[in-house]
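Protein chains in written order, with my numbering: chain A, 1 to 251; chain B, 1001 to 1212. What follows is one structure encoded as structure tokens, with my remarks underneath.
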């Protein structure tokens, strides 16, 4: 009994294996229930976050354009810098920033919710009835986060590229910018953005859920679960991004 | 008589610095047995039966086997044969009462949504919970929360139903009706109340002394 109050160190590999096994054994009868939970989570994570996502994309794009483009113009390398900015946003920041937004907004909420479920006895009660809490709590969130980060990455890129196009249109260079955009971004880049977004989302949901679900049976573990979940999710996003970049550019 | 539950010289930690036991008793299949004990020990006994804690020494046999499964999945599968309702209601706070009853049916009972919906509707009607069916636990009266959590433990008709203190906060009539319904759904029941009070005095077949 005593050890229930103590937070246990979790083996991420065990959690990964348990999650895969739970996914394989998902009860078919629970799919429609899980679908509703997933849709709700997507609504919280994506739809309600859209205004802040658009604001963040503009707040990032505008200062960058204002500071970099005049220097590039003075050096006569506007096209090169625009191409670098497009590649930087579409291939890297376009998935990293939405993923970080999801960590801050929804990953923290998931870690806190699952840690609270542990403390209030919800999780124990479900497991005592034979409910697999990874199937019930974790898997719908993984799907929702995957869809959400992928969709938000597309929205983010559209907003940033829209802001860049607007800036170019004001200086009368819209057609050359669109040509540059066409030559810099391929359909494969869009698919890669979607894939990376989904991959980042799955990892964010997994680490935040893992920290929440294995929190100790004591309210002091709620902030610890949230803090650890957030930091691990940040590390996951940056680490996975570095791996993707290494595969793409080094191999 | 077949034994549904057997504690043999069970010693178990109660708190970090306290050890409980040794406890030895049996519950016969088909009976409604009671153990009068403190809420703390009642929770320990329920957790031992659920397999969420293991004894330091001695053995616990639930339906003829050790409730602590060799793997997480074995244990979950076994848990579906044993309904446990702890004193803390443990209802999911973001689900309505109806959804709380649905979850074990579809995630652990193997039912499809439509069949589970029908069964839950029947339970809600039988236990007169219609008024509260679409309300979340935080907004339920305390006695409705207790009825909901006990009925959730019994929804998929377990072979053994263990209820920690099922009657203290309910009126005698409500507790009698609820426990009678539980008895219809589960072959064997064990209740762990802190005191003997109506309706348990009439319903319980055997009171088990717990030597500590």
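For glycine and all other residues, C-beta sits at the position ideal for the given N, C-alpha and C.
The alpha-carbon separation between residue 1032 (chain B) and residue 217 (chain A) amounts to approximately 31 angstroms. The alpha-carbon separation between residue 118 (chain A) and residue 166 (chain A) amounts to approximately 49 angstroms. Going by DSSP, residue 35 (chain A) is part of the alpha helix (DSSP H) stretching over 31-42. The CB of residue 136 (chain A) comes closer than 8 angstroms to the CB of 1103 and 1107 in chain B, given here in chain order. Nearest to residue 1054 (chain B) by C-alpha distance, out of B:1067, B:1191 and B:1063, is B:1067.
Against chain B, the beta carbon of residue 33 (chain A) has neighbours under 9 angstroms at 1099, 1102, 1103, 1106, 1107, 1113 and 1116, listed in chain order. For residue 1086 (chain B), there is no enclosing alpha helix (DSSP H), since its DSSP letter is neither H nor E. The shortest C-alpha to C-alpha distance from residue 213 (chain A) to any of A:153, A:81, A:22 and A:111 is the one to A:111. Residue A:179 holds the alpha-carbon nearest to the alpha-carbon of residue 83 (chain A) among A:179, A:154, A:146 and A:14. From the beta-carbon of residue 1052 (chain B), the residues of chain A found nearer than 9 angstroms are 4, 124, 127 and 128. Around the CB of residue 1030 (chain B), fewer than 16 other CB atoms lie within 10 Å, so the residue is classed as exposed.
Scanning its chain for C-beta atoms nearer than 7 angstroms, with the 5 sequence neighbours on each side dropped, one finds around residue 200 (chain A) the residues 95, 99, 149, 237 and 240, in chain order.
Distance check between residue 247 (chain A) and each of A:127, A:129, A:234 and A:91 places A:91 closest, using alpha-carbon atoms only. Beta-carbon to beta-carbon, residue 1148 (chain B) and residue 1140 (chain B) are separated by about 7 angstroms, close enough to satisfy the 8 angstroms threshold.
As DSSP reads the structure, residue 1065 (chain B) sits in a beta bridge with B:1062. The secondary-structure analysis by DSSP pairs residue 142 (chain A) with nothing; it has no beta-bridge partner.
In the same chain as residue 1109 (chain B), and ignoring 5 residues on each side of it, the C-beta atoms closer than 6 angstroms to its own belong to 1156, in chain order. Neighbours of residue 131 (chain A) across chain B, judged by C-beta separation under 8 angstroms: 1076, 1103, 1104, 1107 and 1108. Assignment of residue 226 (chain A) by DSSP, reduced to helix, strand and coil, places it in the helix class.
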